[in-house]
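Per our numbering, the sequence shown starts with residue 3, numbered consecutively. We put the CB at the ideal spot given by N, CA and C, even for glycine. Computed from a predicted model, the values in this text were never measured in an experiment. The next block holds one structure in the form of structure tokens; read it before the comments.
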Amino acid sequence: MAAVKKSGKPAVKKAPYLSVVLPVYNEEESLVLQHKAVTEAVKKLNKTYEIIFVDDGSVDSSYEILKSVSSKDKNVKIVRFRRNFGQTAAMAAGIDHSNGEIIVFMDSDLQNEAGDIGKLLEKIEEGYDVVSGWRANRQDKLISRKIPSKIANWLIAKVTGVPLHDLGCSLKAYRGDVLRQVNLYGEMHRFIPVHASWIGARITEVAVGHHARQFGESKYGIRRTFKVILDLITVKFMGSYSTKPIYIFGGTGVILLFLGVASGISVVVMKFLVQLNMIRNPLLLMTVMLIILGVLFIQMGIIAEIMIRIYHESKKMPPYRIKETINIE
């Protein structure tokens with residue numbers, strides 16, 4: 003009896019349920035331990051998974067270690083940048099190369115607790131679209147990390163209306179269909195939950211573990227707080243005024259006009275009360291000049307943000323360049 007010939011079509015590989023994305027920048031001491039911790043945590047969930055390490059231009063032996071890990075574990079995928087593009091770009095690359103229904107982000111420095119991935123997924127399965135980790139017992143320096151972070155998180159919550167305690171925590175879970183609608187540029191990774199809220203995502207947070215850094219130095223310092231404030235201005239503008247910019251530009255113009263009239267009245271009053279020459283009043287002139295310059299610089303920054311977003315959207319260009327990938331079809 004003749005044997006039945008099987009179809010020569012290749013089997014279609016099913017997408018994994020979970021994608022764990024870890025940006026990497028000079029973390030050679032942590033990577034083997036981090037891979038082990040994540041693998042042990044996701045295997046307990048009995049879900050299909052992939053682990054994506056994004057090497058953000060590391061100059062130590064991080065890539066060689068990742069290459070060795072990926073040769074032994076085909077669930078590990080590697081995206082290697084040509085240079086350092088920053089954490090936002092690394093996270094964008096992780097999203098672009100992920101296939102999971104759920105995407106989890108975490109740091110690669112062993113400070114996040116890999117076992118908490120299960121906590122995040124439990125909330126996702128309750129119907130939430132975004133689950134943010136909250137480092138309730140954060141193991142970082144008080145002055146340079148914890149206090150600035152608390153101030154920044156309080157300010158962001160007040161301005162954006164998204165009441166999360168710890169937007170800076172990297173350990174977060176997202177539904178893939180929600181996250182893939184968010185475009186990341188600049189240093190906007192910490193505001194992903196805010197962007198998600200604009201498209202109607204349900205957001206919650208859970209307390210997660212946090213460990214002191216074991217190896218190397220932190221890539222962030224107190225200067226990051228000032229960057230967060232500048233980014234927050236952009237986020238507020240894009241969320242509230244991107245479709246009606248006349249409100250903020252026109253409103254600013256009205257305020258400046260009011261200040262101009264008020265300053266003119268003050269100059270006239272000082273002229274008649276203290277006999278101060280209007281033309282030779284340097285304090286008033288300096289005040290008006292500084293206010294106008296400050297407003298103009300902020301407005302130029304907002305316009306530049308809009309222009310760069312238009313550029314990226316029209317060109318369909320990602321904010322990174324890839325040198326090579328491993329285990330990615």
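Here E124 is not bridged, per DSSP, to any residue. When K74, K79, T41 are compared, the shortest CA-CA separation from I330 is found for K79. Counting the other CB atoms within 10 Å of its CB gives F193 a total of 16 or more, which places it among the buried residues. Shown here for L123: not one same chain residue has a beta carbon closer than 6 Å to its own, the five before and five after excluded. Beta bridge pairing from DSSP links R204 with no other residue. The beta-carbon distance between S32 and L112, rounded to whole angstroms, is 5 Å. This is short enough to meet the 8 Å contact definition. Setting aside the 5 residues that flank it on each side, G211 is surrounded in the same chain by E115, D118, each with a C-beta closer than 7 Å to its C-beta; the list follows chain order.
The C-alpha of S21 is placed about 15 Å away from the C-alpha of K46. Between I312 and F87, the alpha-carbon positions lie close to 19 Å from each other.
The residues V71, in chain order, have a CB closer than 6 Å to that of H37 in the same chain once the five nearest residues on each side in sequence are set aside. In summary, G59 is buried, with 16 or more beta-carbon neighbours lying within 10 Å of its beta-carbon over all protein chains present. Annotation for Q89: P25, H191 place their beta carbon closer than 6 Å to its own, counting only its chain and skipping 5 residues before and after.
Residue K148 holds the alpha-carbon nearest to the alpha-carbon of G170 among K69, F83, L295, K148. Annotation for T50: no beta strand (DSSP E) segment contains it, and DSSP assigns it neither H nor E. Y51 and P150 have their C-alpha atoms some 35 Å from each other. Judged by their CB atoms, E103 and Y19 are nearer to each other than the 8 Å cut-off. In this model, T236 and V230 are separated by some 10 Å (Cα to Cα). Excluding the 5 residues flanking it on each side, V297 has same chain C-beta neighbours closer than 6 Å at T254, in chain order.
In the three-state DSSP reduction, G262 falls in the helix class (H, G or I). In this structure, D168 lies near S134, with their beta-carbon atoms less than 8 Å apart.
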